[in-house]
Structure formats: C-alpha cells, structure tokens
Amino acid sequence: MASANDSVAEPAEVIPWRYLPEPCLVRIFEHLSLRDRIRAAGTCPEWLATSEHPLFWRRCFFKFVDESDAWLCTLPERYGRHFGGVQLAVDQGNQRMRQLALSLLDLLGQFAVSGKEFEDALVRLFNKLAELPDHVGLRRVDLSGAELGIRDGLVLALASGHGRTLQCLSIMNGALVAQVSKETVMQLLDSCPRLEWLELMNASFSERAMLYLAEHRRHSFRYLALHVSAETKQRLEHPWLPEVTWSRVSALMPQLRVSVTFDTRIPIRYVCRFLQPSLPLEELYLKTHTHLANEISYVARTFSRTLRRLCILASEQSADLYAAFGLLAEKCGQQLEVLQVHCPLPREVVHHLLDRCPRLLPIGRSVLRYPTADQDISASCRPPPLPPPPQPVLWPNSTTTSWIKWSRRVVEQLIKLLQYY
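Quick note on numbering: the UniProt record's numbering labels position 271 of the sequence shown as 271, and the sequence is numbered without any gaps.
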C-alpha cells in the first residue's frame, strides 16, 4: 500500500544564476544599457565570459551627456570587433562630449568594412582551389544574403576556375545592389556548360543571355531567379523581355521555371508589365506596400499552370483583394504549394483558400492570418499594447553582494518583460 509521502512530488532542481545558458544571458543582456551590461557581466566569471560572445554586442547605444560617460571610449578597443549596430547620442552643447563622440567614431573607423576585402578573399580562395593538384571543382556556390557587393572579378574567378563543374550559383547578395555586368554574366554562361540553377539581380541579366540559354542550354538549364530592384525601374517602362521572346524560350525550354522577387520600392505598375504571359512563373514574391488586388488577379489568370509559390508582404484591405484571393484559389488551387500572406484576411477567405488549395494544409506550407471575433481588419493591423513598464531598479552600493543581488533583480525583470514578446 502506498504511503502519503509517495504522492509528494520532489522539489525541482534549482539552477544557480551563474549557470544560466549563454544564449539566454546574451538575449537578456542586450536589453541593458552598456553601463549596466558591463556591471552585470562582472557579477561572476561565467557571466563575464558571456561578454566575449559576438551577439553580446549586436546592438550598442553610446550616449555622451556627462563626464561619467567617457569610459565608453574604452569599449571599442576590446570589443569593437564584435560590434553590430551602433547608435550614438551626444550633447551637442557640451564641447567635451562632442570630442568624446568624435573619438569614438575614430575608434570605430578601425573596424569599418566595406566588404571589398571579403570579396577579394573569396577570389583568392576560388583561385587557390582551382590550382590544387586534386582539384575537383565547386558545384554549388550560394552567396545569397552576403552583405557585400559582388563584382565582376568574383564571378569571373568562378567561371574560369570552376566552370566545368559549377551547377548552381546564387549571386543575389544581401546588399541588393547589382554590380555584375551583363557581359560578365554572358561569360559565366559560356564557361559553365553544366549550369542549371542561377539566382541574380535583374539588372545583371539581359535578353541576350536568355536567348543564349534557350539555344545552348535548352535541355539542362531549369531554374532562374530574378530580383527586380528599384535601380532598374527606369528600364521597366517597357517590358524587360517581350512576349515573343518568352514564348520562344518557353517552347525551347519546357522545363524552365522562373522565380521573380519585386523590391519594396518598385512601383506597382511595373509588376504586370514585367510578368509577360508566356513567362514560366513558378515563384512570385511581392514585397511592395500597396493595393495588390489587380496584380493578384492577373497572376491567378495568367500563371495558373505554373505558379507554385506566392508571397504577399502587405496590401491594403478591400473587397477586391478578397475577391482576388478567391480567384487565386479557383485558378491555382490544385498546384499551389506555398502561400504566405503577411496581412490579415477575413476568416471565410482563409477557409476558402485552405479548402481549394489542399497542398497548403501541411504545416509550414502557408502563412494566413485572420483577426479574432472581437476585432475588425483595421484593428488587427495595429500592434499589441505594450506591457506595463517594469519597476525602477535602485542603484546598489559598491559591495559585491549588492551588485550580485542588483544584477539578479535586473535579469528577473527582463525575463518578465520578454514574456510579452
């Protein structure tokens, strides 16, 4: 027979503060000011080691208002290599504070990078790999998201040293600036006979390159991703590729699929002008902030055979927009695999999309939102109310024990605050 003590749960194990996981500490400390961050990190050796983590310095706010802020100029020498985003506030009426701010900028200048040195290092790497005795060659190179400018030299190094083996290449860099010339892209296509997957900025690609692929890579090349940026909008007054060209390309390359991303700053009138009816569109990302009802209807009617993935960043709410999504469900429902709509839709529209698009049902295939019963569409777009501010933390005295208690209290309040996000 079980005793009464058997049903009493054992007390949970208490983890000492100094053994909090490093990712949690970093996430908490980044909400502190630089002064509080340094003081909290000095509480124990384990927390001090966290200050060497790069994410510890992901966001830094330097504020020069009185002489006690002069010590902030000592941080770049030790931690400057980890700095991510830096904000600077200064009392312009205080000459001493202005001098400190200028000194800080000079120190930060030692760590400023333009990306050119990383690009040069990649060129050296690609060239050295090509010179190895047992060189096989790179097959896949993905530079998407790299926050650096990709220039002709880097692409030519890949084409000359790895052209025989290169199959997939993405030079759609995170800087979203097209610095690769159309002539270099032509050399790349000519040097890489096995290339079948290419992602790049629209300004670097030309009708000549498209026709070259249709004539020389008609059986192997299968995927082209284009990012249409604001720098090319003057060239979109007329169709980038005329309908007759896309018709010829589609006939010669039935396996070709195209992905198009429109930059946030692209005027909406260029979207339908760019998307010619014979373009084999498989993926479309509309990152523009405007009314997209006409564009969604056009895409649903024109690309019902090929469209597989659609992402809408934002759109003004209207009955026309809801009708456009209904048309999308009717025309593209059987083959649409991914649908991401980052603005709220009425509940009946969401249910209609899920009913008519069975491939959206698996988890991760769709992002669809609708407001709760007590909200309307406009209210659901508003951010949630901010949590009540935490109670002010009093400065401790200079004893180590008081600093430890103060640091723990700050961490506890930050944990409570983070629960709202």
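All C-beta atoms, glycine included, are put in the ideal place defined by N, C-alpha and C.
Under the three-state DSSP convention, the category residue i falls into
i, result
"F221", "coil"
"S191", "helix"
"C381", "The pLDDT assigned to C381 is 35, lower than 50, so where the model puts this residue is not dependable; a value taken from the coordinates is nonetheless given after this. Of the three classes helix, strand and coil, the one that applies to C381 here is coil, per DSSP."
"F62", "strand"
"R96", "helix"
"L20", "coil"
"V180", "coil"
"D134", "coil"
"H227", "strand"
"E199", "strand"
"G85", "strand"
"R151", "strand"
Beta carbon of residue i nearer than 9 Å to that of residue j
i, j, result
"F111", "Q87", "no"
"V141", "N94", "no"
"R257", "T184", "no"
"S247", "E199", "no"
"L286", "L310", "yes"
"E77", "L107", "yes"
"G42", "R59", "no"
"L345", "L354", "no"
"S103", "C73", "yes"
"C332", "E295", "no"
"residue 474", "T245", "This structure cannot speak to residue 474, because the chain is shown only from 1 to 421."
"F118", "G161", "no"
"S318", "A293", "yes"
"E131", "C168", "no"
Assigned exposure category for residue i - 16 Cβ within 10 Å defines buried
i, result
"Q255", "exposed"
"Q334", "exposed"
"residue 427", "Residue 427 is absent from the structure shown; the chain starts at 1 and stops at 421."
"Y270", "buried"
"H342", "exposed"
"W47", "buried"
"C24", "exposed"
"G163", "buried"
"E10", "Because E10 carries a pLDDT of 49, less than 50, the predicted location of this residue cannot be relied on, and the following value inherits that uncertainty. Burial call: exposed."
"D120", "exposed"
Identity of the residue in the options nearest residue i by Cα
i, options, result
"L336", "S304, W47, L158", "S304"
"A203", "E196, P193, S181", "S181"
"H135", "L189, L166, L48, H342", "L166"
"E215", "E131, L189, L100, R301", "L189"
"R35", "P54, L75, I312", "L75"
Residues bridged to residue i [DSSP beta-bridge criterion]
i, result
"Y285", "T261, C311"
"T290", "S315"
"C168", "R140, W197"
"Q340", "C311, V367"
"V90", "F64"
Short CB-CB distance (under 9 Å) between residue i and chain D
i, result
"A159", "Absent from the structure is chain D; it holds one protein chain and no more."
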